Amino acid sequence: MPLALLALAIGAFGIGTTEFVIMGLLPEVAGDFGVSIPTAGFLVTGYALGVVLGAPLMTVLGTKVSRKRMLMLLMGLFIVGNLLSAVAPAFAVMLIGRVVASLAHGAFFGIGSVVAADLVAPDKKAGAIAMMFTGLTVANVVGVPLGTFVGQSVGWRVTFGIVAALGLVGLAGIAKLVPDMPKQQGVRLRHELAAFKNAQVLLAMAMTVLGFGGVFAAITYIAPMMTHVADFADGSVTWLLVLFGLGMVGGNLVGGKYADRALMPMLYVSLGALAVVLALFTVTAQNKILAAVTIALIGALGFATVPPLQKRVLDQAHGAPTLASAVNIGAFNLGNALSAWLGGLVIGAGFGYTSPNWVGAALAAAALLLAFLSAALERRDRASTSAVVTGTTPAEQRAVVHH
20 MPLALLALAI
30 GAFGIGTTEF
40 VIMGLLPEVA
50 GDFGVSIPTA
60 GFLVTGYALG
70 VVLGAPLMTV
80 LGTKVSRKRM
90 LMLLMGLFIV
100 GNLLSAVAPA
110 FAVMLIGRVV
120 ASLAHGAFFG
130 IGSVVAADLV
140 APDKKAGAIA
150 MMFTGLTVAN
160 VVGVPLGTFV
170 GQSVGWRVTF
180 GIVAALGLVG
190 LAGIAKLVPD
200 MPKQQGVRLR
210 HELAAFKNAQ
220 VLLAMAMTVL
230 GFGGVFAAIT
240 YIAPMMTHVA
250 DFADGSVTWL
260 LVLFGLGMVG
270 GNLVGGKYAD
280 RALMPMLYVS
290 LGALAVVLAL
300 FTVTAQNKIL
310 AAVTIALIGA
320 LGFATVPPLQ
330 KRVLDQAHGA
340 PTLASAVNIG
350 AFNLGNALSA
360 WLGGLVIGAG
370 FGYTSPNWVG
380 AALAAAALLL
390 AFLSAALERR
400 DRASTSAVVT
410 GTTPAEQRAV
420 VHH
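Start counting the sequence shown at 20; every next residue gets the next number (the working numbering).
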């Protein structure tokens with residue numbers, strides 16, 4: 020794999036750290052600014068919404084420059100946002116800093132996916148995408164726990180200062196290692212938007228929303244589930260999330276490897292197994308050991324879907340993949356927000372702390388059904404194309420086979 024992928028992975032590591040580390044530092048941030056925990060939670064919501072809106076916005080703005088330069092500009096925006104958060108004199112200023120940093124998120128992963136795929140041979144594209152996303156998964160194993168520890172020990176502002184420094188390292192790596200790929204000639208915004216007329220692109224994005232939404236339906240409420248149901252101590256939640264992160268790393272690499280060999284079968288297996296494991300979590304959550312194993316499996320199966328889904332979008336939006344790729348990153352965050360809301364609804368309705376697992380299982384199962392539908396439509400389109408080439412209609416072909 021080219022060294023340029025390392026630079027992209029470092030940028031992804033910084034972005035993944037800043038996205039999730041705030042969850043462990045909400046009490047400290049709320050205390051310093053004198054706001055409630057729910058109010059401080061807007062730092063999470065604001066970031067997620069910034070990703071959803073920023074992904075298409077920043078990608079459209081970047082159509083006028085080369086992909087390398089756009090990646091560098093996005094890392095610069097990420098650095099500014101985290102520095103603003105680190106020195107924020109008021110809560111509103113920190114919220115602005117979080118939104119500024121989030122604007123780089125979707126476009127970085129979207130454009131980075133296209134660049135990563137272009138750096139390698141056609142049969143290694145999903146593996147290259149997975150390599151970049153390894154930075155995001157490793158952030159949940161190393162960056163987030165370490166950032167939380169630093170923030171709780173010496174202050175949350177130091178954590179965001181360190182994240183900004185990571186952004187500088189990523190920026191330098193991209194400048195040095197990523198080749199200067201010229202802007203694609205003849206590609207205009209209308210070409211990029213045309214990808215959204217493709218039903219397969221929309222189906223892949225819907226699978227992203229539902230599939231990864233299934234993961235976050237359970238993980239969003241992992242703390243109360245583990246402390247009230249599995250009877251873990253409060254301090255155990257940190258290492259349980261590390262297990263989740265380790266599962267993400269493994270699943271991401273496996274998903275990238277096998278998606279290059281058999282993309283749709285990889286999706287069938289990962290989404291089907293995810294639905295089953297999430298459903299079983301309502302039972303395994305009652306036992307500490309089984310709960311820990313299940314959390315790791317959810318991370319692995321959930322992230323095993325990321326490289327194939329991202330590659331699916333790139334394949335189906337061929338010729339103008341950049342905007343579709345970036346919007347698909349926003350789809351992950353949309354799934355996170357949707358599933359967290361649905362999980363909160365069922366808990367609020369009195370179904371208990373394990374009830375979000377059923378929501379997650381239903382979402383993953385719905386994503387699996389969409390995968391089957393996508394494959395069926397693809398087979399139909401291939402049959403129609405073949406019929407046009409041979410000069411017979413699909414109905415005539417079926418009649419010949421029948422007789």
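Ideal placement from N, C-alpha and C gives every residue a C-beta, glycine not left out. Computed from a prediction, not measured in an experiment: that's the story for all the values here.
Exercise for review: Identify, in the order they occur along the chain, each residue of the same chain with its Cβ nearer than 7 Å to the Cβ of threonine 227, setting aside the five sequence neighbours on each side.
Suggested key: Leu328, Asn347, Ala350, Phe351 and Gly354
**Study point:** Buried versus exposed, by CB contacts within 10 Å (16 or more), glycine 305
**Key:** It is glutamine, not glycine, that sits at residue 305 in the sequence shown. It counts as exposed.
Exercise for review: To the nearest angstrom, report how far apart valine 420 and alanine 218 are at their CA atoms.
Suggested key: Because valine 420 sits at a pLDDT of 47, beneath the cut-off of 50, its placement in the model cannot be relied upon, and the following sentence gives the value as read from the coordinates. When rounded, the distance between both Cα atoms is 29 Å.
Check your understanding: Is the CB-CB distance between proline 326 and valine 332 below 9 Å?
Key -> no
Point to revise | Where lysine 87 falls, given that 16 or more other Cβ within 10 Å makes a residue buried | key: buried
Check your understanding: Between the C-alpha atoms of alanine 123 and tyrosine 372, what's the straight-line distance to the nearest angstrom?
Key -> 34 Å
Review point. For glycine 131 versus threonine 78, is the C-beta spacing smaller than 9 Å?
Key: no
Exercise for review: Indicate the three-state DSSP secondary structure (helix, strand or coil) for methionine 224 in the structure shown.
Suggested key: helix
Review point. How many Å lie between methionine 283 and leucine 272 at the Cα?
Key: 16 Å
Review point. Just the Cα atoms here: how many angstroms apart are serine 344 and valine 157?
Key: 22 Å
**Study point:** Pair within 9 Å by beta-carbon distance, tyrosine 277 and alanine 390
**Key:** no
Check your understanding: What is the DSSP secondary structure of valine 84, reduced to helix, strand or coil?
Key -> coil
Practice item. Report back the beta-carbon spacing between leucine 96 and threonine 178 to the nearest angstrom; my notes put them in contact at under 8 Å. Key: No, leucine 96 and threonine 178 are not in contact; Cβ-Cβ is about 19 Å, not under 8 Å.
**Study point:** histidine 422 versus alanine 394: straight-line alpha-carbon distance, rounded
**Key:** Any reading at histidine 422 must be qualified, since the residue scores a pLDDT of 49, below 50, and its modelled position is unreliable; the value itself is stated next. The straight-line gap from Cα to Cα measures roughly 27 Å.
Practice item. Report the residue from Val54, Gly180, Lys144 and Ala386 whose alpha carbon sits nearest the alpha carbon of valine 99. Key: Gly180
Review point. CB threonine 174 to CB glutamate 47, shorter than 9 Å?
Key: It is worth fixing the name first, because residue 174 is glycine in this sequence and not threonine. Yes, the Cβ-Cβ distance between glycine 174 and glutamate 47 is below 9 Å.
Practice item. Under the assumption that alanine 359 contacts threonine 239 (Cβ atoms under 8 Å), give the Cβ distance between them as a whole number of angstroms. Key: 4 Å
Review point. Which residues in the same chain as phenylalanine 251 place their Cβ atom closer than 6 Å to its Cβ, once the five residues preceding and following it in sequence are excluded?
Key: Met245
**Study point:** Assigned secondary structure, methionine 42 (DSSP; H/G/I helix, E/B strand, else coil)
**Key:** helix
Practice item. Round the Cβ separation of alanine 386 and glycine 230 to the nearest angstrom and send it over; I've been treating them as touching at under 8 Å. Key: 4 Å
Review point. If you drop the 5 nearest sequence neighbours on each side, which residues of the same chain put their C-beta closer than 8 Å to that of valine 312?
Key: Thr303
**Study point:** CB contact flag (alanine 425, alanine 105, <9 Å)
**Key:** Nothing about residue 425 can be reported from this structure: the residues present for the chain run from 20 to 422 only.
Review point. On the three-state DSSP scale, how would you describe alanine 126?
Key: helix
Exercise for review: Just tell me which of Thr404, Thr257, Thr36 and Ile29 has its CA closest to the CA of alanine 194.
Suggested key: Ile29
Check your understanding: So, helix, strand or coil for glycine 185, using DSSP?
Key -> Reading off the sequence shown, one finds leucine at residue 185, where the question assumed glycine. Helix.
**Study point:** Between the CA atoms of glycine 65 and glutamate 38 - distance to the nearest angstrom
**Key:** 11 Å
Practice item. Have a look at glycine 186 and glycine 33 and give me their C-alpha separation to the nearest angstrom. Key: 6 Å
Point to revise | histidine 337 versus alanine 23 - alpha carbon distance | key: 22 Å
Review point. Count the other CB atoms within 10 Å of the CB of valine 84; is the residue buried (16 or more) or exposed (fewer)?
Key: exposed
Exercise for review: Compare the beta carbon distance of alanine 270 and alanine 383 with 9 Å and say whether it is the shorter of the two.
Suggested key: In the sequence under discussion, the amino acid at residue 270 is glycine, which differs from the alanine named in the question. Contact: no.
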